[in-house]
Structure formats: C-alpha cells, structure tokens
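See below:
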C-alpha cells in the first residue's frame, strides 16, 4: 500500500485547520501558503473531506473550512479512507463479508487479514489532535 499525495496533503490540511481552529473558518489560501500546497490541489481534496463529513464549509467573505466537530474525533484512518478509499492490502478484504470464491482454500488470507488489522488499528489509533499536539510553534508558524 502506498499513500498518495492526496492523502498526505489532506492530513496536512486538517492538521493546519486544527492548529488554527480558534481563528474560525480557515481559507484555502491561508492553508496553501502555510503548507506550501497548491490551492488548486487543495480544492480537489475538499470535496472528498466534505463528503465524508470531516470538513464544514462556510461561504462568503469570512468563509472557509473547519473540522466538523473536534480534531480528537477524527483519525488518520478516517482521512485516508476519505481520500484513498479502502486501506485493505488486497481486494478481497474490501468487502464484508468476503465474497471471494477461494476464501475456504486461501492459505494466504490470514496473512492479509493480519496486515489489514495492523494497518487499521495503527491508523485508527492516531487522531488529528494527536498530530497537532506534536507540532512545534515558532513565532506563530507551526511545523508539522
């Protein structure tokens, strides 16, 4: 499994929003400048995070984006599932129940199930708040 730029940038975007949440709604322009990510690229990520319910949007002069709720309620796994799709290492684990015709003869299935469990347990054990708590603040510039 390889995490795409979209997944990595979505995570950076959400941590940036969490770090500045006391400022209200955060503009993509501000996130783009702080994170050195193209605003156009962030515009492609926003619909995925909106659809998943992670982001809240406000339009208008003071509009922008906020995390829908608390950063402690969203995990890295949530963000990656919203941007990358399934985290399963093999296609047969994308659906529950597993409908593979070879499920009863597959000697490698336990390996993939174990790997999937490790991946999901790890990524679902780290919240946006956990990451933002570890950021370093130098003169109001946060380093992720």
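Numbering (this note's numbering), first residue to last: 176 to 319.
Each residue gets a CB set at the ideal place from its N, CA and C atoms; glycine is no exception.
Measure how close the beta-carbons of residue i and residue j come, nearest whole angstrom, since I'm counting them as under 8 Å.
| i | j | result |
| --- | --- | --- |
| residue 207 | residue 223 | No, residue 207 and residue 223 are not in contact; Cβ-Cβ is about 17 Å, not under 8 Å. |
Closer than 6 Å by C-beta to residue i: which residues in its own chain qualify, once you throw out the five before and the five after it? Chain order, please.
| i | result |
| --- | --- |
| residue 241 | 200, 231 |
| residue 263 | 269, 291 |
| residue 265 | 287 |
| residue 227 | 257 |
| residue 212 | 184 |
| residue 267 | 273, 275 |
Per DSSP, which residues does residue i bridge with? Please list them.
| i | result |
| --- | --- |
| residue 232 | 240 |
Just to confirm my understanding: we take residue i, look at its own chain, exclude 5 residues before and 5 after, and list those with CB closer than 8 Å. What are they?
| i | result |
| --- | --- |
| residue 229 | 189, 242, 243, 249, 253, 254, 257 |
| residue 220 | 181, 184, 185, 188, 258 |
Which residues in the same chain have their Cβ closer than 7 Å to the Cβ of residue i, if we skip the five residues on either side of it in sequence?
| i | result |
| --- | --- |
| residue 214 | 203, 204, 207 |
| residue 225 | 232 |
| residue 246 | 193, 302, 303, 304, 307 |
| residue 209 | 191 |
Practice task
Output the residue ranges of the beta strand (DSSP E) runs that lie fully inside the segment 238-310 and measure 3 residues or longer, sorted by chain position.
Solution key: 239-242
Exercise for the section: Counting only runs of 4+ residues fully inside the segment 188-216, write out the alpha helix (DSSP H) ranges in chain order. Expected result: Within the segment 188-216, the alpha helix (DSSP H) runs of at least 4 residues that lie entirely inside it are, in chain order, 203-210.
Practice task
Flag this pair as touching only if the segment 176-192 and the segment 257-269 have three or more C-beta atom pairs under 8 Å; answer yes or no.
Solution key: yes
Exercise for the section: Count the C-beta pairs between the segment 244-252 and the segment 286-305 that are closer than 8 Å, then say yes if the count reaches three, no if not. Expected result: yes
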